Amino acid sequence: MRNFSAQKSRSKQVGLKMNVADLRQKNRMLRHNCKSRMLVGKRNGIWTVTVFHGEHTHQLVKQIGRIRYYRSHRKVTEKDFQFIETLHNQNISIYKMMGCLESVHGGDPRCLDFVKRDVSKIRTMLREEVSQ
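Position in the sequence shown (first residue = 1) + 1 = the working numbering.
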């Protein structure tokens, strides 16, 4: 059996230099300097488009499974929210909740309009409601 208390962690060893190139790269979606935009204003009670630039500097996302990672496209429907609330009241883990939601929506995780982080935030919100 080894004595772990006598060993120092690698980060505390004297003279050990970290290689910055070894750092983990996060999986991020790239931001583009896209100038496309649309401004909408209300004039005389009627909504009108005042400015529209439709040219994108990047390809649009066409893969259904990747669209849900964009913050603007993520949404939890009222039905899904009630189902998550029911599972939360039964003390089901987030991992199992996602599995249940996937099977309700056809068994494919790409069919969901939200990600695990959204379910986690809903659970946190439900816990805070109970504690107040």
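C-beta: ideal position from N, C-alpha, C; glycine also.
Predicted, not measured: the structure shown is a model, and the values here were computed from it.
(Q) Just to confirm my understanding: we take Phe53, look at its own chain, exclude 5 residues before and 5 after, and list those with CB closer than 6 Å. What are they? (A) Counting from one through the sequence shown, the residue named residue 53 turns up at place 52. Around Phe53: Met39.
(Q) Does Lys122 come out as helix, strand or coil in the three-state DSSP assignment? (A) What you label residue 122 is simply residue 121 of the sequence shown in a count that begins at 1. Helix at Lys122.
Q: Starting from Gly55, follow the alpha helix (DSSP H) in both directions and report where the run begins and ends.
A: One-based indexing of the sequence shown puts residue 55 at position 54. Gly55 -> no alpha helix (DSSP H), and no H or E assigned at all.
Q | Alpha carbon of Met112 to alpha carbon of Asn92, nearest angstrom | A | Mapped onto the sequence shown, residue 112 falls at position 111. Mapped onto the sequence shown, residue 92 falls at position 91. The sequence shown places Cys at residue 112, rather than the Met named in the question. Computed Cα separation, rounded: 24 Å.
Q) Does the beta-carbon distance from Asp114 to Lys76 come in below 8 Å? A) Within the sequence shown, residue 114 is the residue found at index 113, counting from 1. Within the sequence shown, residue 76 is the residue found at index 75, counting from 1. Yes.
(Q) Tell me which residue opens and which closes the beta strand (DSSP E) that Gly42 is part of. (A) As a position in the sequence shown, residue 42 is number 41, starting the count at 1. Start and end: 38–44.
**Q.** Length of the line joining the Cα atoms of Leu102 and Arg44
**A.** Residue mapping note: residue 102 aligns to position 101 of the sequence shown, counting from 1. Residue mapping note: residue 44 aligns to position 43 of the sequence shown, counting from 1. In this structure, the straight-line span from the alpha carbon of Leu102 to that of Arg44 is close to 43 Å.
Q.
Using a Cβ-Cβ cutoff of less than 7 Å, which residues in the same chain neighbour Val120 once the five nearest sequence positions on both sides are dropped?
A. Locating residue 120 in the sequence shown gives position 119, where the first residue counts as 1. Correct list, in chain order: Ile85, Ile95, Met98, Met99.
Q. Which one of Cys35, Val50, Leu127 has the shortest CA to CA distance from Val41?
A. Here residue 41 refers to the residue found at position 40 when the sequence shown is read from its first residue. Comparing Cα positions, the closest option is Val50.
(Q) Quick check: what's the CA-CA separation for His89 versus Arg124? (A) Indexing the sequence shown from 1 puts residue 89 at position 88. Indexing the sequence shown from 1 puts residue 124 at position 123. Going by the C-alpha atoms only, they are around 7 Å apart.
Q | Where Thr78 sits in the DSSP three-state scheme | A | Sequence index remark: in the sequence shown, residue 78 carries index 77 (1-based). Note: Thr78 maps to coil in three-state DSSP.
Q. With DSSP run on the structure shown, which of helix, strand or coil describes Ile93?
A. Position 92 of the sequence shown, counted from the first residue, corresponds to residue 93. Three-state DSSP puts Ile93 in coil, outside helix and strand.
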